[in-house]
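Chemist: Sending over a structure as structure tokens; questions will come in a sec.
Residue numbers (my numbering): 16 to 389.
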């Protein structure tokens, strides 16, 4: 038996693996940080019998409440990721699996590899409707890339969409892939109309270093990028510094920051009601966007989400609230589940990469509903 995570986004430490019913593992912490929850590893075993895998430090992870009703994902081909029986006793996460092949991969959610990220950038650029802009480098000397979709012109709205500030939230980049797939479709009427009225500035991966390192929440320096938006630096958070600088140069009329939530089994948004400059126009735009998305897809809901910020009490180090305050615009944090959508459950796949992509496509309909009022 062999267990390894020596690959893109891999994360696991082997404590003991001497029999199929006694595999003990631990998740490695983000570098220079106490955050951990993301795991991604390969099990190679020639014993075709039930395997019991225990992640022994799950109870001390960043969001232990996220393990309740959670099912890990597995794949034989790294393309189709299905849910496997998983239980949590308050201390350990136990995964049960009966292998159908010698090698099987396990992960916290369907991984989105750096190679796929690079392919996404190249394919978008090749569409002829998109410009690939290099913003600069990360701490590990990876590219910070911006996709500009549409032809900039006077009067067009500037819509910014960022994803994966927290690298373990891979559903965010799956969402972006789906959104771009529709936005770059010349035969899609929603996309054609939107690109007549707006230019999209899309950062598919805000944290490529953390993504490759197998981090849950931080960059190469151990910094949570979604707490850096007031005072980013090239020394600690170049990813935010570079994107923020471009925003200040070009302007923002609407902003979506795409994330995943460990605890809540729903898709939802968090708004800017707590920023000092919040006004009736922002509130009307937020309502219109939510109502349009509710009408578009049953995957979205508004009953469950984060507690609303009190007036003037928003945390302005967070991307969506800093953007809302700086540009006086519609700005949302968009959250998807690691578990399943409890309103529309899928026992085999749960919330998945495919459903994330389809939600990205559907979100463009909600953007269309508000674009004229931005």
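Backbone N, C-alpha and C define an ideal beta-carbon position, used for all residues, glycine too.
All of these numbers come straight from a predicted model, not from anything done at the bench.
What's the gap between the Cα of residue 408 and the Cα of residue 63?
Modeler: Residue 408 falls outside the range modelled here, since the chain spans only 16 to 389, and no answer is possible.
Chemist: Give me whichever residues DSSP pairs with residue 40 in a beta bridge.
Modeler: Residue 40 pairs with 29, 70.
Chemist: Could you give the residue range of the beta strand (DSSP E) that holds residue 112?
Modeler: 108–112 is the span of the beta strand (DSSP E), which, as asked, contains residue 112.
Chemist: Could you give the distance in angstroms between the alpha-carbon of residue 215 and the alpha-carbon of residue 173?
Modeler: One C-alpha to the other measures close to 6 Å.
Chemist: If you reduce the DSSP assignment to three classes, tell me which class residue 256 lands in.
Modeler: Here residue 256 sits in helix by DSSP.
Chemist: Which first and last residues belong to the beta strand (DSSP E) in which residue 352 is found?
Modeler: 345–352 is the extent of the beta strand (DSSP E) around residue 352.
Chemist: Run through DSSP, which three-state label would residue 17 get?
Modeler: Three-state result, residue 17: strand.
Chemist: Spatial neighbours of residue 380 within its chain, please: CB distance less than 7 Å, with the 5 preceding and 5 following residues excluded, ordered by chain position.
Modeler: Around residue 380: 205, 307, 311.
Chemist: With residue 90 as the anchor, note down where its alpha helix (DSSP H) starts and where it stops.
Modeler: Run containing residue 90: none in the alpha helix (DSSP H); it sits in the beta strand (DSSP E), 88–90.
Chemist: Could you give the distance in angstroms between the alpha-carbon of residue 248 and the alpha-carbon of residue 16?
Modeler: The alpha-carbon atoms of residue 248 and residue 16 are separated by roughly 45 Å.
Chemist: For the 8 Å Cβ check, are there 3 or more pairs between the region 159–178 and the region 212–227?
Modeler: Touching, yes, given that three or more Cβ pairs across the two stretches are closer than 8 Å.
Chemist: Taking residue 51 as the reference, give the member of 25, 282, 110 with the closest Cα.
Modeler: Comparing Cα-Cα distances from residue 51 to each of 25, 282, 110, the minimum goes to 25.
Chemist: Report the option in 234, 241, 373 whose CA atom is closest to the CA atom of residue 250.
Modeler: If we check each option's Cα against that of residue 250, 234 comes out closest.
Chemist: With DSSP as the reference, identify every bridge partner of residue 159, one or two as the case may be.
Modeler: In the DSSP output, where bridge partners are listed per residue, residue 159 has 151.
Chemist: Quick one: Cα of residue 41 to Cα of residue 387, how far?
Modeler: One C-alpha to the other measures close to 50 Å.
Chemist: On the three-state DSSP scale, how would you describe residue 3?
Modeler: Nothing can be reported for residue 3, as the shown portion of the chain is limited to 16 through 389.
Chemist: Given a threshold of 16 other Cβ atoms within 10 Å of its Cβ, counted over all protein chains shown, does residue 390 qualify as buried or as exposed?
Modeler: The structure shown does not extend to residue 390, since the chain spans only 16 to 389, so no value can be given for it.
Chemist: Could you tell me which residues DSSP pairs with residue 118 in its beta bridges?
Modeler: For residue 118, which the question treats as bridged, DSSP gives the partners 59.
Chemist: In terms of residue numbering, what span does the beta strand (DSSP E) encompassing residue 101 cover?
Modeler: Here the beta strand (DSSP E) through residue 101 covers 101–103.
Chemist: By how many angstroms is the C-alpha of residue 284 removed from the C-alpha of residue 163?
Modeler: Roughly 24 Å between the two C-alpha positions.
Chemist: Less than 8 Å between the CB atoms is what I'm expecting for residue 103 and residue 73, so what's the real figure, rounded?
Modeler: Sure, about 7 Å apart at Cβ, within 8 Å.
Chemist: Please work out which residues of its chain come closer than 8 Å, Cβ to Cβ, to residue 100, disregarding the five sequence neighbours upstream and downstream, and give them in chain order.
Modeler: Closer than 8 Å at Cβ, skipping near neighbours: 86, 110, 111, 112.
Chemist: Kindly give me the distance between the Cβ atoms of residue 180 and residue 278, rounded to whole angstroms, as I take these residues to be in contact under 8 Å.
Modeler: With 8 Å as the limit, residue 180 and residue 278 do not qualify as a contact, their Cβ atoms being about 18 Å apart.
Chemist: Taking the CB atoms as reference points, tell me whether residue 224 and residue 154 lie closer together than 9 Å.
Modeler: It is a contact, given that the beta carbons lie within the stated cut-off.
Chemist: Report the start-end ranges of each alpha helix (DSSP H) in the region 351–389 that is 4 residues or longer and not cut off at the edges.
Modeler: Segments of the alpha helix (DSSP H) lying fully in the region 351–389: 368–385.
Chemist: If you draw a straight line from the C-alpha of residue 119 to the C-alpha of residue 56, how long is it?
Modeler: About 9 Å.
Chemist: Applying the 10 Å Cβ sphere with the 16-neighbour rule, what's the burial state of residue 336?
Modeler: When all chains shown are included, residue 336 counts as buried.
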